[in-house]
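Heads up: the structure comes next, in structure tokens.
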Amino acid sequence: MDNLSSSFSSVWSAAVDAITSFIRCYISSNLTISGVLLQPVMLYLNRALSYISLLAEKELPDIKPAVDIFIIRTLMGYQSLPDPMAYKSDHSRIIQLCTIPYRNASGCEESTCLMFLLDKRDACLGPWIPGRDWFEDELRAFQGGKDGLMPCVWDNELSSFPQPETINKMLVNQMLLCLGTIFAAQNSAGMLYLLGMMEQCLKAGKKQPWHAASITNICVGLLAGLKALLALRSQSLELEILNLAQAIFKGILIEGDICASQRRASSEGFGLLARFGNDVFTARMTRSLLGELNGITDSYYAGSIALSLGCIHRR
1 MDNLSSSFSS VWSAAVDAIT SFIRCYISSN LTISGVLLQP VMLYLNRALS YISLLAEKEL
61 PDIKPAVDIF IIRTLMGYQS LPDPMAYKSD HSRIIQLCTI PYRNASGCEE STCLMFLLDK
121 RDACLGPWIP GRDWFEDELR AFQGGKDGLM PCVWDNELSS FPQPETINKM LVNQMLLCLG
181 TIFAAQNSAG MLYLLGMMEQ CLKAGKKQPW HAASITNICV GLLAGLKALL ALRSQSLELE
241 ILNLAQAIFK GILIEGDICA SQRRASSEGF GLLARFGNDV FTARMTRSLL GELNGITDSY
301 YAGSIALSLG CIHRR
């Protein structure tokens with residue numbers, strides 16, 4: 001068992017990390033040119049995903065930390081590929097893996113990805129006020145984790161502070177970011193399936209101590225997905241998808257006790273939905289938000305609605 005753990009944490013993880021660096025250097029956005037290089041890379045990542053699925057069935061707690069590192073490296077590899085449709089055959093297994101933060105919300109950490117997913121133009125609203133330079137920003141973001149990933153020789157950009165996060169934090173972050181990429185590549189049925197899972201997670205465990213973390217994870221997954229859609233230059237979404245995403249963001253805002261980052265994420269989400277909907281949908285969504293302002297006594301909620309309207313206006 002110790003040998004297996006050592007293999008995961010050193011040899012296998014390093015191999016996948018090297019593949020990721022190879023992708024970033026040699027696999028371009030023009031998959032026609034990169035096709036010859038892409039085929040063996042896809043085979044290696046597919047095999048890595050197969051090992052992960054096999055180990056998930058066996059539930060071996062003794063090697064979980066090493067397997068988690070292997071999962072992180074593998075998901076990073078998939079995210080490095082320029083076109084998520086290139087690994088469409090792996091989508092179902094990746095979705096099964098990356099929806100764990102929603103299916104097992106009580107057993108997952110809170111993601112830290114909102115720090116860089118949120119629009120920097122609203123940074124003055126908190127909770128992360130910009131520092132004087134990038135070094136101060138990186139220091140403020142540093143949480144530290146003795147089991148975190150150490151810098152690798154393949155990395156293009158090294159962090160000023162080694163091991164900035166724990167393995168559990170990094171695992172959730174990579175799952176949700178990868179899920180966002182996969183979300184953008186789904187058809188309407190696939191998007192509705194993932195949105196439905198997020199909606200169920202939002203409704204579950206409202207009085208549980210882990211509920212706040214699950215709200216953040218929903219914000220990260222949905223924002224990452226919508227921003228990935230923008231990167232793919234998707235023009236519009238079906239009304240059913242827009243309505244369900246709108247209901248999720250509104251459900252987050254009406255939660256009694258949410259933090260500034262969650263409020264900003266939901267408000268920004270309304271602005272993103274306005275970019276994917278037509279003028280009729282945007283007008284209806286705006287009227288709905290304006291109607292919420294009548295008789296509001298909660299200043300935080302009123303501020304969130306005002307920010308949402310601003311995000312829609314600047315779309």
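For the sequence shown, position 89 (counting from the first letter as 1) is numbered 89 according to UniProt numbering, and the numbering increases by one without interruption. We treat Cβ as the ideally placed atom computed from N, Cα and C, and that holds for glycine. Quantities reported herein were computed from a predicted structural model and do not represent experimental measurements.
Buried or exposed for residue 298, please, with buried defined as at least 16 other CB atoms from any protein chain shown within 10 angstroms of its CB. exposed
Residue 287 - containing alpha helix (DSSP H), residue span: Its alpha helix (DSSP H) spans residues 279-292.
Please list, in chain order, all residues of the same chain as residue 88 whose beta carbon is under 8 Å from its beta carbon, the five residues on each side excluded. 185
Alpha carbon to alpha carbon, what distance is there between residue 274 and residue 281? 8 Å
Are the beta-carbon atoms belonging to residue 264 and residue 118 less than 9 Å from one another? Residue 118 is positioned such that its CB atom lies closer than 9 Å to that of residue 264.
What do you reckon, are the CB atoms on residue 108 and residue 100 nearer than 9 Å? Taking 9 Å as the Cβ cut-off, residue 108 and residue 100 qualify as a contacting pair.
Residue 197 and residue 102: beta carbons closer than 9 Å? yes
Once you ignore the five residues that flank residue 128 on each side, which residues in its own chain have a CB closer than 6 Å to its CB? 115
Going by other Cβ atoms of all chains shown within 10 Å of its Cβ, with 16 needed for buried, is residue 230 buried or exposed? exposed
Return helix, strand or coil for residue 128, following the three-state DSSP convention. coil
When you compare the CB positions of residue 244 and residue 195, do they come within less than 9 Å of one another, or not? yes
Simplified DSSP state of residue 236, which is helix, strand or coil: coil
If residue 74 and residue 45 are in contact, beta carbons under 8 Å, what's the gap, nearest whole angstrom? 7 Å
Residues in its own chain within less than 7 Å of residue 25 by CB, not counting five upstream and five downstream? none
Would you say residue 295 lies against chain B (beta-carbon separation less than 9 Å)? Among the chains in the structure shown there is no chain B, since it carries only a single protein chain.
Pairwise C-alpha distance: residue 61 and residue 2: With a pLDDT of 46 at residue 2, under the threshold of 50, the modelled position of this residue cannot be trusted; read the value that follows with caution. Each residue's Cα considered, the two are about 12 Å apart.
Exposed or buried, residue 291, counting other C-beta atoms within 10 Å across all chains shown (16 or more means buried)? exposed
For residue 208, is the classification buried or exposed, using 16 other Cβ atoms within 10 angstroms of its Cβ as the cut-off for buried? exposed
Return the residue from the list 250, 168, 193, 12 that minimises the CA-CA distance to residue 285. Checking every option, the nearest Cα to that of residue 285 belongs to 250.
Thinking residue 242 and residue 277 are a contact (beta carbons under 8 Å), I'd like their distance in whole angstroms, please. 5 Å
Around the Cβ of residue 40, are there at least 16 other Cβ atoms within 10 angstroms (buried) or fewer (exposed)? exposed
By the three-class DSSP mapping on this structure, what secondary structure does residue 68 have? helix
Compare the C-alpha of residue 92 against each of 125, 76, 49, 82 and name the closest. 49
For the candidate residues 187, 171, 203, whose alpha-carbon lies nearest to that of residue 225? 187
Inspect the beta-carbon positions of residue 76 and residue 20 and report whether they are closer than 9 Å. yes
Near residue 267, what residues of its chain come up, given a Cβ to Cβ distance below 6 Å and the 5 sequence neighbours on each side ignored? 304, 307, 308, 311
Tell me the DSSP secondary structure of residue 2 in three-state form. Summary for residue 2: the model assigns pLDDT 46, below 50, so the residue's position carries little reliability, and this model does not support an answer.
Member of 64, 216, 120, 180 whose CA lies at the smallest distance from the CA of residue 232: 180
Cβ-Cβ separation, residue 72 to residue 174 (assumed contact under 8 Å), whole Å: 5 Å
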